[in-house]
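Structure first, then comments.
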Amino acid sequence: MVDTFHVDVYNYASVSGFAQAAASQGPIEAGIHTAGLSPSAGSAQKILEVDLLGTANAIDAFFEYGWSHGIRLAIGARADHHGPARTYGLSERGNILRVQAAAKLNSIGPGINGPAGKCIARSPVGRVGTPQDVVSAVAFLASSKSSLVTGNDILVDGGVVSSSKWDSS
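At position 107 of the sequence shown the residue is numbered 94 (this note's numbering), and the sequence of numbers has no breaks.
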């Protein structure tokens, strides 16, 4: 049986109601929070409400109901431009800090940002990521095999971000 539940992530009461409904079905062993807006999908205000406040609400509400460990799956690029893009980058950084402070969480930053050819050239693995690459990371973090992996932002990007930081050219 599948139950549906409408949730406004920027409304704590809505998220808390969802957490309570989930907990009524049995122990919450792991959770995956994926709600978020890309820089092109909303205003700076809406990005802060959904990406930053929504994540804080999910963490607070589900920990209240016994979430033993969780994953914040940050879909999208690490943006640091202007306007909504800058706000997106700031909200993502805020979420990474929140994950590290909670110490029971991990975040996943999937994907390659930018033209594929340019990113493939910067990637030590020499290819773009696939949905299965992200699913594999999520499955590992949601399993008991990851019990000592906490407070981390795991990039599933083929090493593009790391290569960009350490590129000597």
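Glycine included, C-beta positions come from ideal geometry on N, C-alpha and C.
- In this structure, the CA atom of S149 is about 29 Å from the CA atom of S30.
- Contact between the region 112 to 123 and the region 69 to 83 is absent: fewer than 3 CB-CB pairs across the two stretches fall below 8 Å.
- Residue environment analysis places F49 among the buried positions, since at least 16 neighbouring C-beta atoms fall within 10 angstroms of its C-beta.
- Look at the beta carbons and you see the region 79 to 86 not touching the region 123 to 136: under three pairs across the two are nearer than 8 Å.
- In this structure S94 is in contact with D140, their Cβ atoms being roughly 5 Å apart against a cut-off of 8 Å.
- Ranking A28, A8 and G146 by CA distance to the CA of F(-8) puts A8 first.
- Sorting D47, S3 and A28 by C-alpha distance to the C-alpha of A88 places D47 at the top.
- A residue is called buried when at least 16 other Cβ atoms come within 10 angstroms of its Cβ; L39 meets this threshold and is buried.
- Membership of V148 in any beta strand (DSSP E) is not indicated; the residue belongs instead to the alpha helix (DSSP H) covering V147 to W153.
- Apart from the 5 residues on each side of it in sequence, Y(-1) sits with its Cβ closer than 8 Å to the Cβ of N44, D47 and A48 in its chain, given in chain order.
- With a threshold of 16 other beta carbon atoms within 10 Å, V(-6) meets it and is buried.
- Using a Cβ distance threshold of 9 Å, G53 and A10 count as a contacting pair.
- Non-local beta-carbon contacts of V112 in its own chain, meaning distances under 7 Å to residues more than five positions away in sequence, involve G145 and G146 in chain order.
- Straight through space, the alpha carbons of T42 and G4 are spaced by roughly 15 Å.
- An exposed status is given to L84, since fewer than 16 other beta-carbon atoms sit within 10 Å of its beta-carbon.
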